[in-house]
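*Asks:* Quick one: this structure, given as structure tokens, is what I'll be asking you about.
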Amino acid sequence: EVQLVESGGGLVQPGESLRLSCAASGFTFSSYWMNWVRQAPGKGLEWVATIKQDGSEKYYVDSVKGRFTISRDNAKNSLYLQMNSLRAEDTAVYYCTRGWLYWGQGSLVSVSS
Amino acid sequence: QAVVTQEPSLTVSPGGTVTLTCDSSTGAVTSSHYPYWFQQKPGQAPRTLIYDTNTKHSWTPARFSGSLLGGKTALTLSGAQPEDEAEYYCSLSYSGARVFGGGTKLTVL
């Protein structure tokens, strides 16, 4: 059974950093593109970042370029999202996805002073 | 960046048929956009219903189908059930980036 479990969310102040993790199990992690998607409170889904199986290709939505970094550790079956210079508008539930077929339950990130 | 547009809300009667559509600001939607459809119920994570235009996930009920329709991609629900009331999101691929539509709130009433 495919499982994706996000962690690392919390409340931070504007300008601070946070690192999200996604622990994957039930499939060969190194064989799949992985993504982060976020959803602000009461709003729709927004794609954030994508990483290729070996990490050689990464893509970001314009609003996070230069601030967020997606990475993965295939030996640990883990996906990460390093978020720096956080802003109030980054407040959202962050989901990791395996390709676009499987979703985790999400981790809430709140940015507020 | 491209904008993907969906109907904000639709209502369908139980047992009825409804079609949700998804449009791209860059032109006609094609299979090369790898259209996806996702369902999200309140308090839950999204789940994938349809991928690559018309392929159903293992858990997708047969009453859901995907297609290309008049330059858009479409999700058709035939024989709506009360449990189908949810928010539905489409998503299109643009050269490495993926853009979501704003979602359609489907009411079964």
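Sequence order for the protein chains is A and B.
Counted the way this note's numbering counts, the first sequence spans residues 70 to 182.
Counted the way this note's numbering counts, the second sequence spans residues 143 to 251.
Just so it is clear, CB atoms sit at the ideal spot from N, CA and C, and this is done for glycine as well.
Since the model is a prediction, treat every value here as computed from it, not as a measurement.
(1) Just to confirm, does Tyr230 (chain B) get its C-beta within under 8 Å of one of the non-hydrogen atoms of the ligand COA?
(2) Mind checking if Val160 (chain B) is an interface residue toward chain A, Cβ cutoff 9 Å exclusive?
(3) Inspect the CB distances between the region 188 to 202 of chain B and the region 236 to 251 of chain B and report whether three or more fall short of 8 Å.
(4) Check whether the Cβ of Glu229 (chain B) lies closer than 9 Å to any Cβ atom in chain A.
(5) Spell out whether any CB of chain B is found under 9 Å from the CB atom of Trp169 (chain A).
(6) Is the Cβ-Cβ distance between Gln148 (chain B) and Thr163 (chain B) less than 9 Å?
(7) Do we get a CB-CB distance below 9 Å when we pair Thr119 (chain A) with the residues of chain B?
(8) Distance, Cα to Cα, Ser176 (chain A) vs Ala228 (chain B)?
(9) What does the alpha-carbon distance come out to for the pair Leu217 (chain B) and Ala92 (chain A)?
(10) According to DSSP, is Asp165 (chain B) helix, strand or coil?
(11) Which residues in the same chain have their Cβ closer than 6 Å to the Cβ of Trp23 (chain A), if we skip the five residues on either side of it in sequence?
(12) Report yes if the CB atom of Asn143 (chain A) is closer than 9 Å to the CB atom of Ser86 (chain A), and no otherwise.
(13) In its own chain, which residues sit with a C-beta less than 6 Å from the C-beta of Thr161 (chain B), not counting the 5 before and 5 after it?
(14) Under the rule that 16 or more other beta-carbon atoms within 10 Å means buried, what is Val133 (chain A), buried or exposed?
(15) Could you have a look at Phe98 (chain A) and say whether DSSP puts it in helix, strand or coil?
(16) Could you give the first and the last residue of the continuous beta strand (DSSP E) run that contains Gly208 (chain B)?
(17) When you compare only the Cα positions, how much space is there between Phe206 (chain B) and Trp116 (chain A)?
(18) Interface residues of chain B around Val71 (chain A) at Cβ under 9 Å?
(19) Please confirm if Thr190 (chain B) has its CB atom under 9 Å from at least one CB of chain A.
(20) Would Val171 (chain B) count as contacting chain A if we go by Cβ distances under 9 Å?
(21) Which bits of chain B does Gly173 (chain A) rub up against, with CB to CB less than 8 Å?
(22) With DSSP as the reference, please indicate the residues paired to Ala161 (chain A) in a beta bridge.
(23) Could you pull the DSSP bridge partners for Glu126 (chain A) from this structure?
*Replies:* Result, derived from the coordinates:
(1) Absent from the structure shown: the ligand COA. Ligands present: none.
(2) no
(3) With a cut-off of 8 Å, the region 236 to 251 of chain B and the region 188 to 202 of chain B do not count as touching, because too few Cβ pairs lie within range.
(4) yes
(5) yes
(6) yes
(7) yes
(8) 21 Å
(9) Going from the Cα of Leu217 (chain B) to the Cα of Ala92 (chain A) covers about 32 Å.
(10) Assignment of Asp165 (chain B) by DSSP, reduced to helix, strand and coil, places it in the strand class.
(11) Any question about residue 23 (chain A) goes unanswered here, given that chain A covers just 70 to 182.
(12) The beta carbons of Asn143 (chain A) and Ser86 (chain A) sit no closer together than 9 Å.
(13) Ala216, Thr218
(14) buried
(15) Looking at Phe98 (chain A) - three-state DSSP - the assignment turns out to be helix.
(16) 206 to 211
(17) 24 Å
(18) Those within 9 Å of Val71 (chain A) in chain B number zero; the least Cβ separation is about 11 Å.
(19) yes
(20) Judged by the 9 Å Cβ criterion, Val171 (chain B) is not in contact with chain A.
(21) Think of a sphere of 8 Å around the beta carbon of Gly173 (chain A): the chain B residues whose beta carbon falls inside it are Ala187, in chain order.
(22) Per the DSSP secondary-structure output, Ala161 (chain A) pairs in a beta bridge with A:Val178.
(23) Paired residue(s): none; Glu126 (chain A) is not in a bridge.
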